[in-house]
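Trainee:
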Amino acid sequence: MDLKNQRRLAASILKCGLNRVYMNPEWTEDISGAVTKEDVRRLIKAGAIFAKQKVGISRGRTRIRLEQKAKGRRRGQGSRRGAKYARFPRKERWIQTIRPIRELLAQYRKDGVLDKHQYREFYRLAKGGVFKNKSHLMLHLRTKGILKEKEKTEKKVKLKTVAKVKKIKPKIEETKPEVTTEEKGKETKMEVKQEVKPVMPVTKTVEKAKEEISEKKEGEQTGQKVVKKVVKKVARVPVKDIQDKGSE
Numbered sequence: 014m015d016l017k018n019q020r021r022l023a024a025s026i027l028k029c030g031l032n033r034v035y036m037n038p039e040w041t042e043d044i045s046g047a048v049t050k051e052d053v054r055r056l057i058k059a060g061a062i063f064a065k066q067k068v069g070i071s072r073g074r075t076r077i078r079l080e081q082k083a084k085g086r087r088r089g090q091g092s093r094r095g096a097k098y099a100r101f102p103r104k105e106r107w108i109q110t111i112r113p114i115r116e117l118l119a120q121y122r123k124d125g126v127l128d129k130h131q132y133r134e135f136y137r138l139a140k141g142g143v144f145k146n147k148s149h150l151m152l153h154l155r156t157k158g159i160l161k162e163k164e165k166t167e168k169k170v171k172l173k174t175v176a177k178v179k180k181i182k183p184k185i186e187e188t189k190p191e192v193t194t195e196e197k198g199k200e201t202k203m204e205v206k207q208e209v210k211p212v213m214p215v216t217k218t219v220e221k222a223k224e225e226i227s228e229k230k231e232g233e234q235t236g237q238k239v240v241k242k243v244v245k246k247v248a249r250v251p252v253k254d255i256q257d258k259g260s261e
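Residue numbers (my numbering): 14 to 261.
1) Which residues bound the beta strand (DSSP E) around residue 8?
2) Name the one or two DSSP bridge partners that residue 63 has.
3) Can you tell me where the alpha helix (DSSP H) holding residue 78 begins and where it ends?
4) Leaving out five residues before and five after residue 37 in sequence, what residues of the same chain have Cβ atoms less than 6 Å from its Cβ?
5) Considering just the uninterrupted stretch of the alpha helix (DSSP H) at residue 151, what are its terminal residues?
6) Under 7 Å Cβ to Cβ from residue 14, same chain only, skipping five residues before and after it: list those, please.
7) Judging by CA-CA distance, which residue of 88, 150 and 23 is the nearest neighbour of residue 64?
8) Do residue 122 and residue 139 have their beta-carbon atoms positioned less than 8 Å apart in this structure?
9) Can you give me the C-alpha to C-alpha distance between residue 112 and residue 68, rounded to a whole angstrom?
10) Anyone know if the C-beta pair for residue 82 and residue 88 falls short of 8 Å?
11) Do residue 54 and residue 34 have their C-beta atoms within less than 8 Å of each other?
12) Determine the DSSP secondary structure at residue 15, reduced to helix, strand or coil.
13) In angstroms, rounded to a whole number, what distance separates the CA positions of residue 160 and residue 136?
14) Would you kindly work out how many angstroms separate the C-alpha atoms of residue 32 and residue 25, rounded to a whole number?
15) Looking at C-alpha atoms only, which residue of 149, 39, 118 and 104 is the closest neighbour of residue 133?
16) Taking 6 Å as the limit between beta carbons, can you name the residues of its chain near residue 150, skipping five residues before and five after?
17) Output the distance between the C-alpha atoms of residue 110 and residue 146, rounded to the nearest integer angstrom.
18) Helix, strand or coil, according to DSSP, for residue 30 in the structure here?
19) From residue 226 to residue 220, what distance separates their C-alpha atoms?
In structure tokens, the structure reads:
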């Protein structure tokens, strides 16, 4: 069935190409009967005709490749395209070298290490490409004898600061937390409970026990002696005297 006219009308309505127009084969009879644009619009609303999605190129692989390059990979000799200064222009390289040198010169002029004439001299040398980097500039200044005094003064200042730090030890004040009346009462109760009688050393207790035992033995011995003396006296008294005393 020839549906070229309907396809052309649908493409003009959907604003796409003829190849993107899709017609449902189940609605062929209705589509073939559509002659005007209004009929085609009705079929588009019903879902019998619609435009296909555009066929694009996926960027998934390119995203993965860009992530790898951000990590520093895929930059070997086999992946390089372009000349030496096409990949890293001379202008950018010059900017990376000259800016730190000029910043260092400005700092030295601000600190008073360089006067305006010396600053202008080294500024022109830097512009001419004499210095490769900051360390090269500092080496040149040392050979000229400009940085010696600065280094000596810095060392002296460091030594003085170290000596001061050693002498002065900061006192740290311990802040005690505020205690309420209820907490004080609890603390006093706990202290009363925790009071324990002082324990005497073992040596003193042993010595006291020995002294008590010796005193007891001496008392027993003295008692035995008194009993023996009384018995002897009684034995010496005659029997008649004892009877007379009893009768009295």
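Where a beta carbon is used, it is the ideal one built from N, C-alpha and C, also for glycine. Here the structure is a predicted model, which is why all the values come from computation and not from measurement.
Mentor: By the coordinates alone:
1) Outside the modelled stretch of the chain, which goes from 14 to 261, sits residue 8, for which no answer is possible.
2) Paired residue(s): 35.
3) It spans 73 to 83 - the alpha helix (DSSP H) in which residue 78 sits, taken as one unbroken run.
4) Same-chain partners within the cutoff: 61.
5) Looking at the DSSP string, the run of the alpha helix (DSSP H) that includes residue 151 is 147 to 157.
6) Residues of the same chain with a CB within less than 7 Å of the CB of residue 14, apart from the 5 flanking positions on each side, are 41 and 45 in chain order.
7) By alpha-carbon distance to residue 64, the top candidate from 88, 150 and 23 is 23.
8) Not in contact: residue 139 and residue 122 (Cβ atoms no closer than 8 Å).
9) Whole-angstrom Cα-Cα distance: 49 Å.
10) Cβ distance < 8 Å, so residue 82 and residue 88 count as in contact.
11) Judged by beta-carbon spacing, residue 34 lies beyond the 8 Å limit of residue 54, meaning their Cβ atoms are not closer than that value.
12) Reduced to three states, the DSSP call for residue 15 is coil.
13) Their Cα atoms are separated by approximately 16 Å.
14) A straight-line Cα-Cα distance of about 12 Å links residue 32 and residue 25.
15) For the residues 149, 39, 118 and 104, the minimum Cα distance to residue 133 belongs to 118.
16) Correct list, in chain order: 114 and 144.
17) Spanning the two alpha carbons is a distance of roughly 6 Å.
18) Of the three classes helix, strand and coil, the one that applies to residue 30 here is coil, per DSSP.
19) If you draw a straight line from the Cα of residue 226 to the Cα of residue 220, it comes to about 10 Å.
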